[in-house]
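In our numbering, the protein residues as written are 210 to 442.
Shown next, in the form of structure tokens:
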């Protein structure tokens with residue numbers, strides 16, 4: 210099976226398994242999503258969603274965020290980790306938006322990545338989820354792990370993984386692909402002890418067929434046994 214064909218089958222299957230897959234960072238507009246995404250670095254979406262209501266109640270847009278003091282923002286985002294640097298980047302990005310973009314978040318990848326604290330991953334999140342623009346594939350730890358296990362890339366570098374995925378996926382699926390793999394990574398394909406025995410992708414997953422070859426055969430014959438824990442890769 211070619212990578213493109215496997216990707217198409219995975220996409221079709223996961224769309225049916227997770228029809229409601231979506232960005233789990235709470236936001237009301239592009240600016241709020243930009244800030245939430247910056248805060249999500251090395252932090253869970255759940256924790257970010259606990260922090261942003263108070264942050265956005267006080268600083269709901271770029272102009273008011275740009276006018277906030279470093280100490281004010283730090284206090285509100287402290288629990289997300291690396292709070293000093295995050296607060297600095299959020300305020301700096303807001304200042305650029307206020308001064309050069311009339312307070313609006315630009316809809317171009319290059320313009321977004323020129324903002325302080327904003328790389329390609331963050332820009333892809335904002336463009337794909339706030340504007341419906343499929344500019345690339347967001348590669349987080351779940352997407353990287355599953356894409357490797359599913360035989361769609363051999364790389365570990367996020368940039369190279371993204372390029373491999375963009376080569377085998379239709380552009381209109383670039384944004385939803387990340388949400389689908391994140392959902393599956395959280396539910397089934399854990400970093401440790403993936404639930405291969407109940408995985409909807411087991412029959413087309415190279416990781417299952419190689420790491421669990423013997424137990425995969427038992428599953429195919431419907432014997433009442435389960436997969437052994439697959440080693441990490």
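Just so it is clear, CB atoms sit at the ideal spot from N, CA and C, and this is done for glycine as well. The structure displayed is predicted, hence computed values, not measured ones.
Is residue 246 buried or exposed, if buried means 16 or more other CB atoms sit within 10 Å of its CB? Taking the chain shown and counting its residues from 1, one reaches residue 246 at position 37. It counts as buried.
Given residue 237 as reference, the closest of 338, 328, 418, 320 once Cα atoms are compared: Position 28 of the chain shown, counting from 1, holds the residue named residue 237. Comparing Cα positions, the closest option is 338.
With the cut-off set at 7 angstroms, would you say residue 321 and residue 307 are in Cβ contact? The sequence position of residue 321 within the chain shown is 112, counting from 1. The sequence position of residue 307 within the chain shown is 98, counting from 1. It is not a contact, given that the beta carbons lie outside the stated cut-off.
By a C-beta neighbour count over all protein chains shown, 10 Å radius and 16 as the cutoff for buried, is residue 343 buried or exposed? For this step, residue 343 is matched to residue 134 along the chain shown. Residue 343 is buried by the Cβ-count criterion.
Within this structure, are the beta carbons of residue 410 and residue 352 separated by less than 7 angstroms? Taking the chain shown and counting its residues from 1, one reaches residue 410 at position 201. Taking the chain shown and counting its residues from 1, one reaches residue 352 at position 143. Against a cut-off of 7 angstroms, the Cβ pair of residue 352 and residue 410 comes out as no contact.
Could you have a look at residue 240 and say whether DSSP puts it in helix, strand or coil? Counted from its first residue, the chain shown places residue 240 at position 31. Reduced to three states, the DSSP call for residue 240 is helix.
Given this structure, state the Cα-to-Cα distance separating residue 220 from residue 231, to the nearest angstrom. As a working mapping, residue 220 is identified with position 11 in the chain shown. As a working mapping, residue 231 is identified with position 22 in the chain shown. Cα-Cα distance, rounded: 14 angstroms.
To the nearest angstrom, how far is the alpha carbon of residue 414 from that of residue 218? Sequence index remark: in the chain shown, residue 414 carries index 205 (1-based). Sequence index remark: in the chain shown, residue 218 carries index 9 (1-based). Straight-line Cα distance between these residues: approximately 11 angstroms.
Below 8 angstroms, how does it come out for the stretch 274–290 and the stretch 249–266: are there three or more Cβ pairs, yes or no? yes
The alpha helix (DSSP H) spanning residue 448 covers which residue range? The structure shown does not extend to residue 448, since the chain is modelled only from 210 to 442, so the question has no answer here.
Can you tell which of 370, 373, 213, 300 has the C-alpha that lies nearest to the C-alpha of residue 248? Residue 248 sits at position 39 when you count from the first residue of the chain shown. Nearest neighbour of residue 248 by Cα position, chosen from 370, 373, 213, 300, turns out to be 300.
Between residue 358 and residue 416, is the Cβ-Cβ spacing less than 7 angstroms? Along the chain shown, one-based indexing puts residue 358 at 149. Along the chain shown, one-based indexing puts residue 416 at 207. Cβ atoms of residue 358 and residue 416: closer than 7 angstroms.
Between the alpha carbons of residue 273 and residue 222, how many angstroms are there, rounded? On the chain shown, position 64 is the one that residue 273 refers to. On the chain shown, position 13 is the one that residue 222 refers to. Approximately 44 angstroms, taken between the alpha carbons.
Tell me the residue span of the alpha helix (DSSP H) that contains residue 282. As a first step, residue 282 must be located in the chain shown, where it is residue number 73. From DSSP, the alpha helix (DSSP H) with residue 282 extends over 279–286.
Best match in 228, 265, 304, 346 for proximity to residue 275 [C-alpha to C-alpha]: Position 66 of the chain shown, counted from the start, is the residue given in the question as residue 275. It is 304 whose Cα lies nearest to the Cα of residue 275.
Report buried or exposed for residue 373, applying the criterion of at least 16 other Cβ atoms within 10 angstroms of its Cβ. Within the chain shown, numbered from 1, the residue matching residue 373 stands at position 164. Buried.
According to DSSP, simplified to helix, strand and coil, what is residue 363? Within the chain shown, numbered from 1, the residue matching residue 363 stands at position 154. Residue state, collapsed to three classes: coil.
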